[in-house]
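Student:
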Amino acid sequence: MRTISMLLVAFGFARATIALAGENRPMDTKTEFAVFGGGCFWCMEAVFERVPGVVAVVNGYSGGHLANPTYEDVCSHTTGHAEVVQIEYDPAKVSYEHLLDVFWDSHNPTTLNRQGADEGTQYRSVVFYFDEGQRAAAEKSKAAARARYPDPIVTEIVPLQKFWRAEDYHQHYFAQHPNQGYCALVIRPKVAKLQKEGVISK
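Read in numbering that gives the first Met the number 0, the sequence shown has 167 at position 168, and its numbers run on one by one without any break.
1. Tell me the DSSP secondary structure of residue 148 in three-state form.
2. Between the C-alpha atoms of residue 121 and residue 63, what's the straight-line distance to the nearest angstrom?
3. As a quick exercise: from 186, 161, 165, pick the residue whose alpha carbon is nearest that of residue 173.
4. Using the Cβ count rule (16 or more neighbours within 10 Å means buried), how would you classify residue 24?
5. Rounding to the nearest angstrom, what Cα-Cα distance links residue 125 and residue 35 in this structure?
6. Under the rule that 16 or more other beta-carbon atoms within 10 Å means buried, what is residue 51, buried or exposed?
7. How many angstroms separate the CA atom of residue 59 from the CA atom of residue 79?
8. Does the Cβ of residue 133 have 16 or more other Cβ atoms within 10 Å, making it buried, or fewer, making it exposed?
9. Helix, strand or coil: how does DSSP classify residue 94 here?
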């Protein structure tokens, strides 16, 4: 479990109402959306914010049965939600397939309901797809990624039903709290490793 983060849970933060991915974007926009879960959403956010072509990253919850869940609800392991990132990107600058490559590189897709010390269904590896094109791309990418790992990939590929925006204090967490314990010990080394490998920009 992410024990340090549990100490940060606080009440009274502003909550957004239902946020179905992309439903409020301008009619003339040329951006598209992807939703991935790969463990702690603070980690995934920090990674994808450094991918050229990504316009915005929002932390949230998907895949569960409870409407408008709170962080406390999700941490109870009773809602079925996963911590996810909603990625808005410019397909003229970065492809969905490249985002999938970054997704595989940014976490361990072979550990069921766990990333490092973070354990529970909320930390599961999952791709939520918007349409048949994303589903097919995710399945193809998953098949190609199998060659990178000695153990079977357990990543789910499922249709997106709802995306629920997480509390404001979860947004841009690493950028705002780079020296917080979890950020310094877990996120910073992950970001540095991916930058060194050229997966993300500096």
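The beta-carbon is built from N, C-alpha and C at its ideal position, and this holds for glycine as well.
Tutor: Well, looking at it:
1. coil
2. Rounded to the nearest angstrom, the gap between the Cα atoms of residue 121 and residue 63 is 9 Å.
3. 186
4. Annotation note: pLDDT 47 at residue 24 (below 50); position unreliable, coordinate value reported separately. Counting Cβ neighbours within 10 Å, residue 24 comes out exposed, since fewer than 16 surround it.
5. Each residue's Cα considered, the two are about 6 Å apart.
6. exposed
7. 13 Å
8. buried
9. coil
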